[in-house]
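For the sequence shown, the positions run 5 to 108 when our numbering is used.
Following: one structure in structure tokens, then a few remarks.
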Amino acid sequence: MTDINKQEKIARYAKAMGHPTRVAILQFLANQETCYFGDIHEELPIAKATVSQHLKELKEAGLIQGEIEAPKVKYCINRENWKLAQELFNEFFEQCSCKKGCCQ
Numbered sequence: 005m006t007d008i009n010k011q012e013k014i015a016r017y018a019k020a021m022g023h024p025t026r027v028a029i030l031q032f033l034a035n036q037e038t039c040y041f042g043d044i045h046e047e048l049p050i051a052k053a054t055v056s057q058h059l060k061e062l063k064e065a066g067l068i069q070g071e072i073e074a075p076k077v078k079y080c081i082n083r084e085n086w087k088l089a090q091e092l093f094n095e096f097f098e099q100c101s102c103k104k105g106c107c108q
């Protein structure tokens, strides 16, 4: 993966995680095998339409995936992209070369 591709992925993941409700959804899903939309809605005290918008953003970023099990939708963490996000963020934060004394 090129540096530009990595930067684009990091930015996309960061944008998707850039709202406290989406972080709460990710934390909830990370502790579940799978769950249904209704479970997420019960966990978070916000309107169903708002939950749907946040789920859409997370799904578009690839951090979660959803499966239709009529009449419900089941969600879970996209393990492959979750691991990629972890690796990219670790690499990003570990690149700082200033050990001590810079900007102090």
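Ideal Cβ positions, reconstructed from N, Cα and C, are used throughout, including at glycine.
None of these values were measured; they are calculated from a predicted model.
Starting from residue i, follow its DSSP beta bridges and name the residues at the other end.
| i | result |
| --- | --- |
| residue 70 | 79 |
Do residue j and residue i count as a contact pair if the criterion is CB distance below 8 Å?
| i | j | result |
| --- | --- | --- |
| residue 50 | residue 25 | yes |
| residue 70 | residue 85 | no |
| residue 81 | residue 68 | yes |
Please report the Cβ distance between residue i and residue j, rounded to the nearest whole angstrom; I am assuming they are in contact, meaning their Cβ atoms lie under 8 Å.
| i | j | result |
| --- | --- | --- |
| residue 61 | residue 20 | 5 Å |
| residue 79 | residue 48 | About 13 Å separates the two Cβ atoms, so there is no contact after all. |
| residue 96 | residue 14 | 6 Å |
- Query: Does the region 35-42 come within contact of the region 83-93, defined as at least 3 CB pairs closer than 8 Å?
  - Reply: no
- Quick one: complete alpha helix (DSSP H) runs, 4+ long, within the region 7-55? 7-20, 24-34, 41-47
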